[in-house]
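See structure below.
In the UniProt record's numbering, the protein residues as written are 1 to 347.
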């Protein structure tokens, strides 16, 4: 009986469900990859009780890590900062997968710099998830490899739109902002965009602007007229995306999981892209099927973005967005990239 290579890998942490999606795709080819999310902090009011519960939860988590580590000789880590608490389990030949904050921000902070940079240096093979991270990881590891963010491809029709969204939209169409309101997501530009959209799309038949009550700039978004709904389960989030007339992606020049979720269900996505990142250096970085894209770039103000929205609302164009996601951002595509990295590095 044929046994695939890398039959057993333990994935530590699960940002954007990447490890879960990789493990499911690996199972399709007869591999058994396990996922251990990082321990979460207890949510209790009493400081003393919180400290005690945190210690107990941490010990239980480390016991799970030890048990899982004994079952496999290979560890794929999805956070450089996990080394602070779980470095004892890394060994000398671990894979590292960088997803954002640790390499984009934390490596420049005095408290975390040495930890992040040493972990990147020591890893046997290094992956990163979005093209904007390349400039942050390349000075440390020129051999780091892009693994485009995987997203699930729904096999059934969309679930009903959540009640909180229906209560806001009623029978009207809605435009959805799927990202959190934060500077790293292009938050200030999103606020300006929301303000311009609110002024341009008014009247009883105009689409409703809806976003998540999430991020430090959420109150500013609300002040522009965006109706904020509470953070929701991933299933409800996907249903909200699927029910939108259009999604307005983060205005930071990059596509992350939230934007890809829209493309996976053929919902039009407004997303100006940074041409320095989407430069064709990887197949996934050539002409993503979005409104704006590299043609618009990062120089357009809110009025130019509003014009694109108006054009799409009045004369929608046909785009094969799901097929593009399946080719470049499916779990199977991500698995192929990861396995190629393992093999080429001799891990």
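For each residue, glycine too, the CB sits at the ideal point set by N, CA and C.
Backbone CA spacing between residue i and residue j [nearest angstrom]
i           : j           : result
residue 22  : residue 170 : 38 Å
residue 300 : residue 221 : 20 Å
residue 207 : residue 65  : 48 Å
residue 201 : residue 210 : 13 Å
residue 238 : residue 17  : 14 Å
residue 295 : residue 253 : 12 Å
residue 110 : residue 122 : 19 Å
residue 329 : residue 288 : 11 Å
residue 273 : residue 306 : 16 Å
residue 345 : residue 339 : 10 Å
residue 302 : residue 335 : 38 Å
residue 275 : residue 286 : 10 Å
residue 309 : residue 146 : 31 Å
residue 343 : residue 19  : 18 Å
residue 44  : residue 184 : Note that residue 44 scores a pLDDT of 46, beneath 50, so its modelled location is shaky; the value from the coordinates is reported in the next line. If I take the Cα positions, the gap works out to 29 Å.
residue 152 : residue 333 : 11 Å
residue 172 : residue 74  : 51 Å
residue 27  : residue 174 : 38 Å
residue 3   : residue 80  : 31 Å
residue 50  : residue 114 : Because residue 50 sits at a pLDDT of 46, beneath the cut-off of 50, its placement in the model cannot be relied upon, and the point is left open.
residue 176 : residue 77  : 33 Å
residue 325 : residue 318 : 15 Å
residue 142 : residue 59  : 37 Å
residue 247 : residue 156 : 20 Å
residue 312 : residue 304 : 13 Å
residue 168 : residue 203 : 15 Å
residue 164 : residue 314 : 27 Å
residue 219 : residue 135 : 32 Å
residue 67  : residue 88  : 13 Å
residue 5   : residue 282 : 25 Å
residue 327 : residue 245 : 24 Å
Beta-carbon contacts of residue i that lie in its chain and below 8 Å, excluding the five residues immediately before and after
i           : result
residue 117 : 107 and 140
residue 231 : 212, 213 and 214
residue 249 : 178, 179, 255, 258, 259, 262, 269, 270, 271 and 290
residue 7   : 30, 31 and 32
residue 137 : 98, 103, 120, 126, 128 and 144
residue 72  : 8, 9, 10 and 34
Sequence-distant residues of the same chain with beta carbon closer than 6 Å to residue i, five excluded per side
i           : result
residue 112 : 106
residue 159 : 239
residue 14  : 20, 35 and 37
Beta-carbon separation (whole angstroms), residue i vs residue j, contact threshold 8 Å
i           : j           : result
residue 90  : residue 83  : 6 Å
residue 148 : residue 277 : 12 Å between Cβ atoms; not a contact.
residue 348 : residue 187 : In the structure displayed, the chain extends from 1 to 347; residue 348 sits before or after that span and is not available.
residue 12  : residue 86  : 7 Å
residue 93  : residue 124 : 5 Å
residue 347 : residue 95  : 6 Å
residue 264 : residue 154 : 7 Å
With 16 other Cβ atoms within 10 Å as the buried cut-off, status of residue i
i           : result
residue 10  : buried
residue 349 : The chain is shown only over 1 to 347; residue 349 falls outside these bounds and no answer can be derived.
residue 97  : buried
residue 284 : buried
residue 181 : buried
residue 337 : buried
residue 251 : buried
residue 234 : exposed
residue 69  : buried
residue 205 : exposed
residue 316 : exposed
residue 133 : buried
residue 280 : exposed
residue 341 : buried
residue 292 : buried
residue 100 : buried
residue 236 : buried
Contacting residues, own chain, Cβ-Cβ under 7 Å from residue i (five flanking each side not counted)
i           : result
residue 161 : 239, 240 and 243
residue 224 : 191, 194, 195 and 198
residue 348 : No information on residue 348 is available, as it lies outside the stretch 1 to 347 that the chain covers here.
residue 189 : 251
CB contact below 7 Å: residue i versus chain D
i           : result
residue 113 : This model lacks chain D altogether; it includes just one protein chain.
Exercise. Which runs of the alpha helix (DSSP H) spanning at least 4 residues fall entirely within the segment 225-271, listed in chain order?
Worked result: 234-243 and 257-264
Problem set entry | In chain order, each beta strand (DSSP E) run of at least 3 residues that lies wholly inside the segment 146-184 | Fully enclosed beta strand (DSSP E) runs of 3 or longer: 174-177.
Exercise. At what residue ranges does the segment 277-316 contain a whole run of the alpha helix (DSSP H), taking only runs of 4 or more?
Worked result: 293-296 and 302-314
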